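Numbering (the working numbering), first residue to last: 860 to 963.
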């Protein structure tokens with residue numbers, strides 16, 4: 860097992876680390892925080908340009924659920940459900956980035 864040290868491999872490591880940070884920090888962030896949306900802007904740009912190994916529909920679903928979390932009139936049950944779906948999408952991105960930069 861070795862690491863892919865190309866420029867795209869290093870970029871996927873960066874996406875992996877930032878996604879892991881968001882996955883860990885998301886429960887403690889306030890719902891109206893702008894950092895997740897800035898992250899998703901970068902992630903969509905990454906998937907559309909270099910990240911052909913990540914399914915774009917999963918990323919788009921995560922963006923939609925992150926935007927739905929921002930609505931303040933939702934009950935806590937809906938917010939928990941939307942965060943669960945968003946976390947599943949983020950875990951998918953972490954897994955695909957890990958599989959890309961680690962060569963087995």
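We put the CB at the ideal spot given by N, CA and C, even for glycine. In this text, all values refer to a predicted model and were calculated from it rather than measured experimentally.
Between residue 862 and residue 961, is the Cβ-Cβ spacing less than 8 angstroms?
Between residue 862 and residue 961, the C-beta spacing is below 8 angstroms.
Specify the secondary structure class of residue 861 as computed by DSSP and reduced to three states.
DSSP places residue 861 in strand when its eight states are reduced to three.
Of the listed residues 935, 887, 918, nearest to residue 898 (C-alpha basis):
Nearest C-alpha to residue 898: 918.
Minimum length 4: unbroken alpha helix (DSSP H) runs contained in the segment 915-955:
Qualifying alpha helix (DSSP H) stretches, in chain order: 915-928.
Could you pull the start and end residues of the alpha helix (DSSP H) that residue 907 belongs to?
Residue 907 -> alpha helix (DSSP H) spans 894-908.
Distance, Cα to Cα, residue 1010 vs residue 872?
No information on residue 1010 is available, as it lies outside the stretch 860 to 963 that the chain covers here.
Give the C-beta separation of residue 928 and residue 912 to the nearest angstrom, bearing in mind that I take them to be a contact with Cβ-Cβ under 8 angstroms.
At roughly 26 angstroms, the Cβ-Cβ gap does not stay under 8 angstroms, so residue 928 and residue 912 are not in contact.
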